[in-house]
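Peer 1: In our numbering, the protein residues as written are 331 to 837. A virtual CB, placed ideally from N, CA and C, is assigned to each residue, including glycine.
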């Protein structure tokens with residue numbers, strides 16, 4: 331890098347322009363800019379014919395491109411909805427406005443008034459009649475940020491990633507619309523959104539290692555929540571019959587393409603329902619999200635003058651294939667899928683043990699149900715393209731789930747798999763307080779404090795003794811769902827600020 335182009339020199343040039351803006355009588359950090367229109371809407375107002383003035387518009391955005399041709403200047407500005415070209419001619423521009431325009435740089439945020447029309451080449455353009463500087467950027471934009479191959483560099487500078495990497499802002503805004511859709515669907519079913527504690531005295535509700543902190547005033551250890559379940563059930567005991575919380579959950583565990591220690595999940599509970607109610611609801615929630623994604627794709631296609639996708643066809647891309655979300659989705663029992671993919675009956679333990687040994691799984695002194703579960707994970711889960719509800723799990727691996735009345739060896743549970751990812755987990759909830767307490771104790775028996783992933787929550791047991799109605803309960807991993815709906819292969823691509831190892835400053 332030449333001395334003339336060093337970051338310090340580039341910043342010095344911008345500081346000189348900042349000073350000039352002030353000398354010209356302008357506030358370089360602007361004031362409110364009322365009544366501006368979304369760029370997507372402005373583009374729709376452009377006349378069909380080239381060279382014809384359309385209506386006067388008002389837009390605001392960040393300068394992404396500048397082309398200085400002396401007495402004719404072109405800019406591209408960007409807002410949340412798209413980009414548009416600006417054009418100004420010195421001959422037609424008031425001198426004070428021209429002087430201000432000469433102080434502009436890439437990355438500056440401006441507000442513009444002027445007519446929208448098409449140039450001779452058909453480019454939709456706002457012809458600047460008035461311009462206000464709304465924020466002077468002091469940082470030179472990265473020239474080739476879109477070409478950076480180090481993913482962590484992109485994620486550490488997420489603000490730049492959002493601005494300069496094509497598709498990132500659209501994907502993250504789509505995330506918010508998907509979450510809105512989930513809330514809208516649940517509201518239509520009269521669910522109430524609640525807020526449950528983030529700090530827990532007991533790390534309960536899931537088998538996961540918690541983050542531990544300390545409350546100074548009370549002098550007690552506290553845990554960041556690993557699940558939302560137990561407080562939501564207490565609210566259901568208290569009379570909120572349809573309840574959910576969609577919030578961050580924290581698990582002090584590994585990081586990979588589908589796991590981040592801090593992630594968003596929704597847990598919901600419906601009194602007088604069961605796991606079948608949850609299957610119906612999961613189908614509706616997710617297909618409504620698919621419709622939101624298709625509507626977004628259609629709007630973007632129309633804005634570009636392209637043919638929009640068929641919004642009645644509930645199909646989205648996933649890598650080099652597609653996922654068909656058209657309901658109803660397949661519902662297959664654990665035993666059926668075991669036979670289908672492993673090739674032996676789930677009750678044929680000698681054959682299952684032989685298969686496990688061939689795959690290098692430990693079988694000596696291992697409970698048969700654990701062996702079955704490990705073989706299922708190995709052979710079946712990685713084959714579930716779906717969407718498919720895996721239903722009716724062996725009760726032995728679901729100790730906290732209500733059993734089927736006609737077969738106590740089977741638990742009323744499902745997991746939803748789409749493209750080999752587990753997206754949802756649901757139960758017919760156990761509301762027998764005595765059995766729940768006994769199962770908690772059995773689950774914790776023989777485990778040290780360090781090894782125990784679940785803790786006895788006496789306050790929850792006391793609440794359950796008051797009486798909880800029969801209910802269906804479900805958890806959905808929001809980040810994984812958004813990965814699927816946006817065709818993203820890493821959970822870090824759909825979280826605004828994923829956890830990263832601290833950057834070591836250069837010496």
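Take the Cβ of residue 496 as the centre, count every other Cβ of all protein chains shown within 10 Å, and call the residue buried at 16 or more, exposed below.
Peer 2: It counts as exposed.
Peer 1: Given 8 Å as the limit, is there contact between the stretch 620-627 and the stretch 637-655, that is, 3 or more CB pairs closer than that?
Peer 2: Touching, per the Cβ criterion.
Peer 1: In angstroms with no decimal places, state the Cα-to-Cα distance between residue 599 and residue 713.
Peer 2: For residue 599 and residue 713, the distance between alpha carbons rounds to 29 Å.
Peer 1: Please identify the residue among 726, 422, 817 and 389 whose C-alpha is closest to the C-alpha of residue 440.
Peer 2: The option with the nearest alpha carbon to residue 440 is 389.
Peer 1: Mapping the DSSP letters down to three states, classify residue 386 as helix, strand or coil.
Peer 2: Three-state result, residue 386: strand.
Peer 1: Assign residue 796 to one of two classes, buried (16 or more other C-beta atoms within 10 Å of its C-beta) or exposed (fewer than that).
Peer 2: Exposed, by the Cβ-count rule.
Peer 1: CB-CB under 8 Å to residue 337, same chain, minus the five flanking residues each way: which ones, in chain order?
Peer 2: So the qualifying residues of the chain are 470.
Peer 1: Please report the residue range of the beta strand (DSSP E) in which residue 423 lies.
Peer 2: First-last for residue 423: undefined, no H or E at that position.
Peer 1: Among 762, 425, 680 and 754, which one has its Cα closest to the Cα of residue 608?
Peer 2: Among 762, 425, 680 and 754, the Cα nearest to that of residue 608 is on 754.
Peer 1: Flag this pair as touching only if the stretch 747-761 and the stretch 697-716 have three or more C-beta atom pairs under 8 Å; answer yes or no.
Peer 2: With the cut-off at 8 Å, the stretch 747-761 and the stretch 697-716 touch.
Peer 1: Which term fits residue 658, buried or exposed, when burial requires 16 or more other beta carbons within 10 angstroms of its beta carbon?
Peer 2: When all chains shown are included, residue 658 counts as exposed.
Peer 1: Hey, how far is the Cα of residue 743 from the Cα of residue 499?
Peer 2: Cα-Cα distance, rounded: 37 Å.
Peer 1: Out of 454, 451, 346 and 512, which has the shortest C-alpha to C-alpha gap to residue 577?
Peer 2: Comparing Cα-Cα distances from residue 577 to each of 454, 451, 346 and 512, the minimum goes to 512.
Peer 1: Assign residue 530 to buried or exposed, taking buried as 16 or more other Cβ atoms, counted over all protein chains shown, within 10 Å of its Cβ.
Peer 2: Counting Cβ neighbours within 10 Å, residue 530 comes out buried, since at least 16 surround it.
Peer 1: Please give me, in chain order, every unbroken run of the beta strand (DSSP E) with length at least 3 that falls completely inside the stretch 605-673.
Peer 2: List check, beta strand (DSSP E) in window: 645-648, 651-654 and 660-663.
Peer 1: Work out the CA separation of residue 485 and residue 728 for me, nearest whole Å.
Peer 2: Cα-Cα distance, rounded: 38 Å.
Peer 1: How many Å lie between residue 368 and residue 690 at the Cα?
Peer 2: Near 59 Å, if we compare the C-alpha coordinates of residue 690 and residue 368.
Peer 1: Suppose the cutoff is 8 Å on Cβ atoms and the five residues either side in sequence are ignored; what does the same chain contact list for residue 468 look like?
Peer 2: Correct list, in chain order: 341, 344, 345 and 348.
Peer 1: Taking 7 Å as the limit between beta carbons, can you name the residues of its chain near residue 542, skipping five residues before and five after?
Peer 2: 551 and 553, listed in sequence order.
Peer 1: Would you mind sorting residue 411 into buried or exposed? The rule is 16 or more other CB atoms within 10 Å of its CB.
Peer 2: By the neighbour-count rule (16 or more Cβ atoms within 10 Å), residue 411 is buried.
Peer 1: Going by Cα to Cα distance, which pick from 365, 385, 508 and 708 is closest to residue 824?
Peer 2: Of the candidates 365, 385, 508 and 708, the one whose C-alpha sits nearest the C-alpha of residue 824 is 508.
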